[in-house]
Amino acid sequence: MNLLMQGMAFMELGQEFSRSKLLGTGAEGQVLASDRERAMNSYNAPDAVNQVNWDLISQHQNSIDYIKDIIHLKKTAKEFSYQTYEDIYKHVFVKSAEQGSGLIIFEIKDEQHYEIIFNASGLPYYLANDADRLRLVAGNSRHKKPFYVENLTATVFQVLDTEKT
Numbered sequence: 092m093n094l095l096m097q098g099m100a101f102m103e104l105g106q107e108f109s110r111s112k113l114l115g116t117g118a119e120g121q122v123l124a125s126d127r128e129r130a131m132n133s134y135n136a137p138d139a140v141n142q143v144n145w146d147l148i149s150q151h152q153n154s155i156d157y158i159k160d161i162i163h164l165k166k167t168a169k170e171f172s173y174q175t176y177e178d179i180y181k182h183v184f185v186k187s188a189e190q191g192s193g194l195i196i197f198e199i200k201d202e203q204h205y206e207i208i209f210n211a212s213g214l215p216y217y218l219a220n221d222a223d224r225l226r227l228v229a230g231n232s233r234h235k236k237p238f239y240v241e242n243l244t245a246t247v248f249q250v251l252d253t254e255k256t
């Protein structure tokens, strides 16, 4: 989520591997509550916790590709890296962010027009009549046709026909 916000983005090593810092220390190698706590605040944990588990690349390749897409977008599209409050105020608009809904939708309108949807609502979010004018730019959904946005996803669409907005 932070990679799609305006301003400097911060990402911890391993996020694209689905937070692989869990190192099980239980008798059978299982992950204990103390292991989870250490992984959340691992500044003073040993290298065994903080090292990158490169064996997870193939297991999490879709997530890695998604993060690469978002980083590329952040680096190449000015709409994702405005430098001033005035530019953000002029170009970024929140469409939906109701408390407790689990859904945040915002638009960025400039030379390009984007719609970003964060869905943690517990349900798919259906795009209604908008799907025909949206082009998927980046998303961590399992499907690639923009008819709905799955739960627990962050999706970036380019809006193709701005005359309707």
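Under my numbering, the residues of the sequence shown are numbered 92 to 256, in order. Don't be surprised by glycine CBs; every beta carbon is placed ideally from N, CA and C.
Beta-carbon spacing of Phe-209, Ile-195 below 7 Å
yes
Alpha-carbon spacing of Thr-246 relative to Gln-97, whole angstroms:
16 Å
Distance, Cα to Cα, Ile-179 vs Tyr-173?
Near 6 Å, if we compare the C-alpha coordinates of Tyr-173 and Ile-179.
Going straight from the alpha carbon of Thr-256 to that of Ile-158, what length do you get?
Unreliable positioning characterises Thr-256 in this predicted model, as indicated by a pLDDT of 47, which lies under 50. A coordinate reading is not provided.
Glu-177 and Asp-201 - do their beta-carbons sit closer together than 7 Å?
With contacts defined by Cβ atoms closer than 7 Å, Asp-201 and Glu-177 do not form a contacting pair.
In three-state DSSP terms, what is Thr-246?
strand
Can you tell which of Phe-238, Tyr-217 and His-182 has its C-alpha closest to the C-alpha of Arg-226?
Ranked by Cα distance from Arg-226, the first of Phe-238, Tyr-217 and His-182 is Phe-238.
Spell out the partners DSSP gives Asn-153 in its beta bridges.
DSSP, once it has assigned bridges, lists no residue as partnering Asn-153.
Would you identify the three-state DSSP class for Phe-171, choosing helix, strand or coil?
helix
Suppose only complete runs of 3+ residues qualify. What are the beta strand (DSSP E) ranges in the stretch 118 to 148, listed by chain order?
The stretch 118 to 148 contains no whole beta strand (DSSP E) run of 3 or more residues.
My understanding is that Asp-160 touches Ala-229, with C-beta atoms under 8 Å, so please give their C-beta distance in whole angstroms.
Confirmed, Cβ separation roughly 4 Å.
Indicate whether Val-240 and Tyr-216 have their beta-carbon atoms separated by less than 7 Å.
yes
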